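Quick note, the sequences are listed as chains A and B, same order.
Going left to right, the first sequence walks through residues 234 to 498 as my numbering numbers them.
Going left to right, the second sequence walks through residues 11 to 222 as my numbering numbers them.
Only one structure is covered here, and it is reproduced in the block below.
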Amino acid sequence: MSETSARPLLVDCARQQVRVIGALILRELHTRFGRRRFGYLWLFFEPLLLGGMIAVIHGSGLRGGSGIRGTFEFFSIGYVLFFAFRGMINRASSTISSNRGLLYHRQVTLPDLFFARHIIEGVACTGVMTIFTIIAVGLGSAFPDSPMKMLCALGLMVLLAQGVALVVGAVTSEWEVVERFVHAMSYLMLPFSGLFFMVEWLPGWMQDIVVWIPTVHIFELLRDGQFGDRYRATYDLSYVAGWILIPHLLGLTGLRLARQRIGLE
Amino acid sequence: MALELIDVHKSYPMNVGRKHVLRGVNAVFHKGERVGVLGRNGTGKSTLVRILGRIEAPTRGSIRASMSVSWPIGMAAGFQGALSGADNTRFIARIYDRPVQATVDYVESFAELGEYLHMPVNTYSSGMRSRLGLAISLAVEFDCLLVDEALAVGDTKFGRAFAARLRNAGLIIVTHQPSLVRQLCNRAAVLDRGTLTFYEDLDEALATYNSL
Chain A
234 MSETSARPLL
244 VDCARQQVRV
254 IGALILRELH
264 TRFGRRRFGY
274 LWLFFEPLLL
284 GGMIAVIHGS
294 GLRGGSGIRG
304 TFEFFSIGYV
314 LFFAFRGMIN
324 RASSTISSNR
334 GLLYHRQVTL
344 PDLFFARHII
354 EGVACTGVMT
364 IFTIIAVGLG
374 SAFPDSPMKM
384 LCALGLMVLL
394 AQGVALVVGA
404 VTSEWEVVER
414 FVHAMSYLML
424 PFSGLFFMVE
434 WLPGWMQDIV
444 VWIPTVHIFE
454 LLRDGQFGDR
464 YRATYDLSYV
474 AGWILIPHLL
484 GLTGLRLARQ
494 RIGLE
Chain B
11 MALELIDVHK
21 SYPMNVGRKH
31 VLRGVNAVFH
41 KGERVGVLGR
51 NGTGKSTLVR
61 ILGRIEAPTR
71 GSIRASMSVS
81 WPIGMAAGFQ
91 GALSGADNTR
101 FIARIYDRPV
111 QATVDYVESF
121 AELGEYLHMP
131 VNTYSSGMRS
141 RLGLAISLAV
151 EFDCLLVDEA
161 LAVGDTKFGR
171 AFAARLRNAG
181 LIIVTHQPSL
191 VRQLCNRAAV
201 LDRGTLTFYE
211 DLDEALATYN
221 SL
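As structure tokens, then:
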């Protein structure tokens, strides 16, 4: 592997980046879950437990749900998406500091650290969503109207969180205090995220407000995939795309600046 | 094949103004050369190493590399403390596109870590860390090893084995220990007041360094 002073080919860079991200994924799995045989199961177990509990509490009549709101899959799968979103954003502030030692290897870039974590998150989320869907069908629910739409919603949620996570990572590398706000905000977002409601159920004036929240559109797409014609979905994917693209640009630029300022002891 | 620094300056922002660490370093390191860079504490050795390893960008000037240079191998560098030496070896083998198992086998036979290879790097002594780093970098087969104050080298069993392996590779070692330079290098330079001066004769370099 000799390096030349000429600018390397794009395809070689891409191959190197894939290699680095792959190595980072394995490393991340080892640090987070250890090398013991069932360690990886925790990746699925945590969202399964949380999503399952939320679904039982909200869907079982304790909190009084009816229609699709009373079903197991409305809350369990919705919560998995929110859980992934919140987890990615909350972990963003520690991504750089906990991997600083790896920056001694020049091919490891800051965005790679984030991409590796997010791929793990996306895979775990897909697995848990599949498990919940199977459980829901087992409990007597109808098969999802469009699994493809559900997967798209999941992908968009991961990308949305990734954009925000890149920005949070860049900002917290310079101003650590921001981390506290991020944690609080990500928690306070829960009632407004679209997890607990459909736009259609809200009074008109509230509908006009909540459509500004990008996660609301993603939850609408998810439920369109889950329940099809059983209610009227409201989503605008180009609006979500803007919320994905702009933070990505800001975050990647910010990380480029941050890389020059991060001290390696 | 070489690593070339052209008028490299590096300064860091301070509370007031900037601290100028490197002020116009020019250097060419050829493939197969074993160069010792001597510098007293606080002369910017670690900064120079990070610039040579291209993990920090110079404030001004440029670096050209037409050979593969290792990451800066030292006590702190390049490991994930919570993972074992073997896991760190696997990670590094993967990112440098080397066969994973062969690299681990080589490190196992060379680094003299015994059971510690499967313990977290956090539990290592500084000597063990540098042995791990040096062993991995020999396994990866860089054209040039970049070493920052490696304690493990010296007149030990490992040190002699390391010196023997170096015949196939180049080396840049940045240190304050003249004995290391005498043991491992065939060319030397002295870093002082932000500039680097090369000496073809080792004795001359060491004499200059000792008079600083």
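Note that CB positions come from ideal geometry on N, CA and C, so glycine has one too.
Here the structure is a predicted model, which is why all the values come from computation and not from measurement.
| Query | Result |
| --- | --- |
| Pairwise C-alpha distance: F120/B and G54/B | 31 Å |
| S426/A beta carbon near the ligand COA (any heavy atom closer than 8 Å) | Ligands are entirely absent from the displayed structure, and the ligand COA is therefore not among its contents. |
| Segment limits, alpha helix (DSSP H) that includes I322/A | F305 to T328 |
| Residue of R74/B, M24/B, V31/B and N196/B minimising C-alpha distance to L58/B | V31/B |
| C154/B, enclosing beta strand (DSSP E) - first and last residue | C154 to D158 |
| Three-state secondary structure (DSSP) of T218/B | helix |
| Cβ neighbours of L295/A in the same chain (closer than 7 Å, five flanking residues each side left out) | With a pLDDT of 49 at L295/A, under the threshold of 50, the predicted position of this residue should be treated as unreliable, and no value is reported. |
| Segment contact flag, the region 401 to 416 of chain A with the region 314 to 329 of chain A, C-beta cutoff 8 Å, min 3 pairs | yes |
| Sufficient close CB pairs (3 or more, under 8 Å) joining the region 334 to 353 of chain A to the region 414 to 432 of chain A | no |
| Limits of the beta strand (DSSP E) - the one that D202/B falls within | R197 to D202 |
| Residue range of the alpha helix (DSSP H) that includes N36/B | Note, N36/B: premise wrong, no alpha helix (DSSP H); beta strand (DSSP E) at R28 to H40. |
| Boundaries (first-last residue) of the alpha helix (DSSP H) holding A171/B | K167 to R175 |
| Residue range of the unbroken beta strand (DSSP E) whose run includes H19/B | A12 to P23 |
| Under 8 Å by beta carbon: chain B residues contacting Y273/A | Correct list: empty, because the minimum Cβ distance to chain B is about 15 Å. |
| Backbone secondary structure at G255/A - three-state DSSP | helix |
| L259/A versus H338/A - alpha carbon distance | 17 Å |
| Short CB-CB distance (under 9 Å) between R324/A and chain B | no |
| Nearest-angstrom beta carbon gap, K29/B and M77/B [assumed within contact, 8 Å] | Rounded, the Cβ-Cβ distance is 31 Å, inconsistent with contact. |
| Counted within 10 angstroms of its Cβ, other Cβ atoms place L148/B as buried (16 or more) or exposed | buried |
| Any chain B beta carbon closer than 9 Å to A491/A | no |
| Supposed contact pair I83/B and L155/B - C-beta distance, whole angstroms, cut 8 Å | 7 Å |
| CA-to-CA distance, F277/A to G320/A, given in whole angstroms | 13 Å |
| Limits of the beta strand (DSSP E) - the one that Y209/B falls within | T205 to Y209 |
| Exposure label - I367/A; buried when at least 16 CB within 10 Å | exposed |
| Residues near A75/B by beta carbon distance below 6 Å, same chain, minus five either side | L13 |
| Cutoff 7 Å; reference S56/B; Cβ partners in own chain excluding five residues on either side | D158 |
| S309/A and A369/A closer than 9 Å at C-beta | yes |
| Where the alpha helix (DSSP H) through T448/A begins and ends | P447 to F460 |
| Three-state secondary structure assigned by DSSP to S94/B | strand |
| Per-residue burial, Y134/B [other beta carbons within 10 Å of its own, 16 or more giving buried] | buried |
| L48/B: first and last residue of the uninterrupted beta strand (DSSP E) it sits in | R44 to G49 |
| Residues in the region 335 to 350 of chain A having any Cβ partner in chain E nearer than 9 Å | No chain E is present in this structure, whose protein chains are A and B. |
| Neighbour flag for V253/A against chain B, beta carbons, 9 Å | yes |
| Whether E354/A touches A386/A by CB criterion (9 Å) | no |
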